[in-house]
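Q: Our numbering puts the sequence shown at residues 4 to 364.
Yeah, the Cβ is synthetic: ideal placement off N, Cα and C, and Gly gets one too.
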Amino acid sequence: MEQKINIKNIHHWGIGYNKKPIIISGPCSAETEEQVMETAHDLSKMGVKIYRAGIWKPRTRPNSFEGVGSTGLKWLKTVRQETGMLTSTEVANVKHVYEALKAGIDIIWIGARSSANPFAIQEIAEALKGVDIPVFVKNPINPDVELWIGALERLHQAGITKLGAIHRGFSSFDHSIYRNIPQWQIPIDLKRRIPSIPIICDPSHIGGNRDLLQSISQKAMDLDFDGLMIESHRNPDEAWSDAKQQITPHSLSILLNKLVMRQPKPNGVSLDTLEDLRHKIDKYDLELMELMKKRMEKAQAIGRYKKENNMTILQTGRWEEILDKSIKNGAKHELSAQFITTVFKAIHQESINKQNVILNE
Ligand code: PEP
Ligand code: MN
Numbered sequence: 004m005e006q007k008i009n010i011k012n013i014h015h016w017g018i019g020y021n022k023k024p025i026i027i028s029g030p031c032s033a034e035t036e037e038q039v040m041e042t043a044h045d046l047s048k049m050g051v052k053i054y055r056a057g058i059w060k061p062r063t064r065p066n067s068f069e070g071v072g073s074t075g076l077k078w079l080k081t082v083r084q085e086t087g088m089l090t091s092t093e094v095a096n097v098k099h100v101y102e103a104l105k106a107g108i109d110i111i112w113i114g115a116r117s118s119a120n121p122f123a124i125q126e127i128a129e130a131l132k133g134v135d136i137p138v139f140v141k142n143p144i145n146p147d148v149e150l151w152i153g154a155l156e157r158l159h160q161a162g163i164t165k166l167g168a169i170h171r172g173f174s175s176f177d178h179s180i181y182r183n184i185p186q187w188q189i190p191i192d193l194k195r196r197i198p199s200i201p202i203i204c205d206p207s208h209i210g211g212n213r214d215l216l217q218s219i220s221q222k223a224m225d226l227d228f229d230g231l232m233i234e235s236h237r238n239p240d241e242a243w244s245d246a247k248q249q250i251t252p253h254s255l256s257i258l259l260n261k262l263v264m265r266q267p268k269p270n271g272v273s274l275d276t277l278e279d280l281r282h283k284i285d286k287y288d289l290e291l292m293e294l295m296k297k298r299m300e301k302a303q304a305i306g307r308y309k310k311e312n313n314m315t316i317l318q319t320g321r322w323e324e325i326l327d328k329s330i331k332n333g334a335k336h337e338l339s340a341q342f343i344t345t346v347f348k349a350i351h352q353e354s355i356n357k358q359n360v361i362l363n364e
């Protein structure tokens with residue numbers, strides 16, 4: 004019989020300590036015992052409670068440093084003993100799971116490349132059966148919230164109750180200031196679908212560059228994320244992987260001190276104005292919907308005209324003209340070209356889909 008699960012029931016289980024933001028930090032990769040220990044002691048002195056270090060590293064190209072492997076697990080055990088910090092690492096297959104569990108790793112995470120692979124997730128989930136260890140699932144590298152939820156469901160089905168999500172951005176062929184484009188609407192959608200899941204942001208892998216860490220971290224806090232996973236290293240420029248995005252524990256403490264923490268519902272502040280503003284937003288959303296419906300009806304009428312006259316759906320000139328005009332109009336209303344392009348591409352795609360139905364009816 005198919006097991007009925009309700010992913011919405013994933014609860015907020017707390018992550019070792021209650022102070023928000025929860026900070027997970029440590030090197031991209033464990034390199035040597037000294038590097039692991041020195042970084043850990045510095046972070047522990049700052050009050051960081053969860054240590055991270057990659058033991059097995061999924062690298063894009065072969066012949067780069069692929070992690071120290073199981074030897075590093077012993078170092079993490081020492082971190083646990085000497086600092087009291089919880090330890091965490093990435094697992095990507097059944098062997099990693101067994102070794103990490105045997106070494107007493109407290110929290111594991113599943114990397115972005117594995118999250119995109121349901122076979123890998125299923126095997127990891129089965130290897131974890133009966134061990135209710137906290138598991139964080141990074142978003143898949145492709146912007147697919149269903150795949151992310153699917154991975155969480157597989158783990159939930161295997162009896163893992165302490166689940167969390169890590170937002171680390173999405174790969175893109177287009178050049179961008181980010182190493183992985185944040186696409187904030189995707190973690191927001193995940194939060195809507197699984198309201199009480201803890202979500203951690205990983206600004207290191209989103210930014211790919213230490214200069215971007217502060218602004219990405221602030222944005223995550225403003226979106227009410229539960230915490231941050233930030234890579235730190237005693238000597239970032241010399242790191243064996245992800246050197247450009249790592250920072251020293253000292254820089255991390257500066258970053259954290261600069262964060263402005265806002266509350267979703269500030270204590271003692273009247274929510275009347277907030278409710279009023281939300282009410283207006285809901286009203287405008289409805290109006291947008293009505294307008295969109297009218298626009299689609301006209302697109303469908305054009306679809307019928309194209310069918311009668313045996314014309315193609317896509318008239319490139321016309322689409323370029325719409326986009327161009329809209330970007331110019333958008334600028335007059337202080338709407339960025341990027342925003343207008345995204346919105347109009349989506350509207351245009353929906354019109355094409357609707358016309359396609361008509362043409363092939
Ligand atoms: C990492 O955390 O070091 C890592 C490899 O991350 P991701 O899976 O997000 O690429
Ligand atoms: Mn890394």
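For R182, which residues in the same chain have their Cβ closer than 8 Å to its Cβ, ignoring the five residues on either side in sequence?
A: Same-chain partners within the cutoff: G172, H208, I209, G210, G211, N212 and Q248.
Q: Going by the C-beta, is P65 closer than 8 Å to any heavy atom of ligand 1?
A: Not so, every heavy atom of ligand 1 lies at least 8 Å from the Cβ.
Q: CA-CA distance, T90 and R321?
A: Distance between the alpha carbons of T90 and R321 is about 57 Å.
Q: Given a threshold of 16 other Cβ atoms within 10 Å of its Cβ, counted over all protein chains shown, does L158 qualify as buried or as exposed?
A: Answer is buried; the Cβ neighbour count reaches 16.
Q: Per DSSP, which one or two residues make a beta bridge with G29?
A: According to DSSP, G29 bridges with E234.
Q: When we look at the beta-carbon of R307 and count the other beta-carbons within 10 Å, is it buried (16 or more) or exposed?
A: Looking at its Cβ environment, which holds fewer than 16 other Cβ atoms inside 10 Å, R307 is exposed.
Q: Please report how far the alpha carbon of S354 lies from the alpha carbon of M299, in whole angstroms.
A: Distance between the alpha carbons of S354 and M299: 6 Å.
Q: Can you find at least 3 beta carbon pairs, one from the region 249-267 and one from the region 56-64, that sit closer than 8 Å?
A: The region 249-267 is not in contact with the region 56-64.
Q: From which residue to which residue does the beta strand (DSSP E) around L89 run?
A: From DSSP, the beta strand (DSSP E) with L89 extends over L89 to V94.
Q: Residues around ligand 1, please: the condition is that the C-beta lies closer than 5 Å to some non-hydrogen atom of it.
A: In chain order, the qualifying residues are C31, G57, G114, A115, K141, R171 and H208.
Q: Could you pull the start and end residues of the alpha helix (DSSP H) that L317 belongs to?
A: Taken as a continuous stretch (DSSP letters only), L317 belongs to no alpha helix (DSSP H), as it is neither H nor E.
Q: Pick from K22, G72 and G29: whose alpha carbon is nearest that of L255?
A: For the residues K22, G72 and G29, the minimum Cα distance to L255 belongs to G29.
Q: Roughly how many angstroms separate the alpha carbons of S175 and I189, rounded to a whole number?
A: Whole-angstrom Cα-Cα distance: 15 Å.
Q: Less than 8 Å separating the Cβ of Q38 from some heavy atom of ligand 2?
A: Answer for Q38: no, Cβ out of range of ligand 2.
Q: Go ahead and pull the three-state DSSP assignment for Y54.
A: Correct three-state label for Y54: strand.
Q: Looking only at DSSP bridge pairs, what is G167 linked to?
A: G167 pairs with F139.
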